[in-house]
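Participant: Here it is: the structure, laid out below.
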Amino acid sequence: MSSYDIEEQELQSCSAESDRYQITDEALTHGEKIFKWIMLLLNFLNYITIFCIWIYITILCFSNDIVLFTFHPFCMTTGFVGFATMGILAHNKYNILTRNRPHKSRFDFHWKMQLCAMILLTLGFTIILVNKSLHGKSHFTSYHGIFGLLAYILMLLTFLLSFFTLKVKILFKTITKRCLYLMHVTLAIVSYITGVIDLLLGVFSGWFEKNASTTAQVCCTLLMLTLVINVLWIPISRRLIKPLKAKAYSYF
4 MSSYDIEEQE LQSCSAESDR YQITDEALTH GEKIFKWIML LLNFLNYITI
54 FCIWIYITIL CFSNDIVLFT FHPFCMTTGF VGFATMGILA HNKYNILTRN
104 RPHKSRFDFH WKMQLCAMIL LTLGFTIILV NKSLHGKSHF TSYHGIFGLL
154 AYILMLLTFL LSFFTLKVKI LFKTITKRCL YLMHVTLAIV SYITGVIDLL
204 LGVFSGWFEK NASTTAQVCC TLLMLTLVIN VLWIPISRRL IKPLKAKAYS
254 YF
């Protein structure tokens with residue numbers, strides 16, 4: 004048995020062990036219970052924020068004449084703000100949709116959300132390329148277009164890395180699963196931040212300014228910034244910084 008397979012079995016056994024010994028409410032102290040309910044409330048607010056952004060952009064898209072471009076912001080917002088964000092939240096132990104599920108079920112929910120996100124992002128990306136070509140416009144001339152391309156490439160690489168890690172393990176016999184995990188988490192965080200920057204640039208694009216008010220721009224900006232902080236601070240602190248510290252300490 005290779006070291007890769009041994010390490011994978013260790014990670015799976017750790018996950019199963021954590022599922023088996025989940026701490027019940029009765030075992031928590033008063034302070035821990037308060038912290039738990041605060042985290043659950045923050046997670047609930049994440050979904051409220053997702054819904055508010057999605058419903059507003061959807062109304063904005065379909066409130067005027069429906070043309071090919073209409074489906075670009077709709078697909079990108081649904082794929083990124085909706086499915087991609089829910090995929091990240093799936094690994095949060097306080098996530099209201101997956102908190103009572105075992106590790107494997109949370110993992111399945113994660114990759115299914117990311118798959119839906121990539122399908123919609125690819126559709127939205129294709130729509131804007133076709134739309135610009137039909138109108139004889141140049142591609143990727145604005146910061147919104149450039150960051151959109153970069154975010155799409157990074158998210159595609161993140162998705163492909165996880166796919167090949169799971170399905171084509173023979174390609175990564177020389178790389179440990181922990182390293183692949185850190186690569187996946189790092190790439191996912193960078194791609195998500197890039198996507199948020201692109202969405203914020205989209206909020207201040209000509210199409211948004213034409214169809215929405217300044218108040219709506221400010222509200223969408225604040226909601227997106229709030230969302231990205233609430234969504235990423237746990238993956239950054241627990242799934243990136245903590246493993247990196249452990250790896251660094253192992254050399255001493």
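For the sequence shown, the positions run 4 to 255 when the working numbering is used. Idealized CB from N, CA, C, for every residue including glycine.
1) How is the alpha helix (DSSP H) around His33 delimited, first residue to last?
2) Taking a contact to mean a Cβ-Cβ separation below 8 Å, would you say Gly127 touches Met89 in this structure?
3) Return the CA-CA distance between Gly205 and Cys55, expressed in angstroms with no decimal places.
4) Give the straight-line distance between the Cα atoms of Tyr24 and Pro105, rounded to the nearest whole angstrom.
5) Residues in the same chain with beta-carbon distance under 6 Å from Ile91, minus the five sequence neighbours each way, listed in chain order, please.
6) Any idea what DSSP makes of Leu124, helix, strand or coil?
7) Grouping DSSP H, G and I as helix and E and B as strand, with all else coil, what is Val70?
8) Who are the near neighbours of Leu31 in its chain, counting only those whose CB is closer than 8 Å to its CB and skipping five residues on each side?
9) Measure from the alpha carbon of Leu190 to the alpha carbon of each residue in Ser165, Val231, Trp236 and Phe207, then state which is nearest.
10) From the DSSP output, in three-state form, read off Arg104 for me.
11) Which term fits Ile122, buried or exposed, when burial requires 16 or more other beta carbons within 10 angstroms of its beta carbon?
12) What do you reckon, are the CB atoms on Phe47 and Asn134 nearer than 8 Å?
13) According to the neighbour-count rule (16 or more other Cβ atoms, all chains shown, within 10 Å of its Cβ), is Asn103 buried or exposed?
14) From Trp236, Val231 and Thr218, pick the residue whose C-alpha is nearest to that of Tyr59; which is it?
15) Hey, is the region 185 to 200 in contact with the region 148 to 167, meaning 3+ C-beta pairs nearer than 8 Å?
16) Between the C-alpha atoms of Lys107 and Ile130, what's the straight-line distance to the nearest angstrom?
17) Tell me which residue opens and which closes the alpha helix (DSSP H) that Thr140 is part of.
18) When DSSP labels each residue in this structure, what does Leu77 get in the three-state scheme?
19) Quick check on Tyr24: does DSSP put it in helix, strand or coil?
20) With 8 Å as the threshold, decide whether the Cβ of Ile156 is near any Cβ in chain C.
21) Roughly how many whole angstroms lie between the Cα atoms of Lys115 and Thr52?
22) DSSP three-state call for Thr144: helix, strand or coil?
23) Just verifying my parser: in three-state terms, what is the DSSP assignment at Ile99?
24) Taking the beta carbon of Lys213 as the centre, do at least 16 other beta carbons fall within 10 Å, making it buried, or is it exposed?
25) Taking Thr88 as part of the alpha helix (DSSP H), name the residues at either end of that continuous run.
26) Relative to the C-alpha of Trp57, which residue among Ala120, Thr81 and Asn67 is closest?
Facilitator: If we stick to the structure as given:
1) His33 to Phe65
2) no
3) 17 Å
4) Any reading at Tyr24 must be qualified, since the residue scores a pLDDT of 39, below 50, and its modelled position is unreliable; no value is offered.
5) Val234
6) helix
7) coil
8) Lys39
9) Ser165
10) coil
11) exposed
12) no
13) exposed
14) Thr218
15) yes
16) 35 Å
17) Residue identity check: residue 140 is Lys in the sequence provided, not Thr. Here Lys140 belongs to no alpha helix (DSSP H), and DSSP marks it neither H nor E.
18) According to the sequence shown, residue 77 is Phe rather than Leu. Reduced to three states, the DSSP call for Phe77 is helix.
19) In this prediction, Tyr24 scores a pLDDT of 39, lower than 50, which makes its location untrustworthy; no coordinate-derived value is stated.
20) Included in the structure is just one protein chain, with no chain C present.
21) 21 Å
22) coil
23) coil
24) exposed
25) Thr88 to Leu92
26) Thr81
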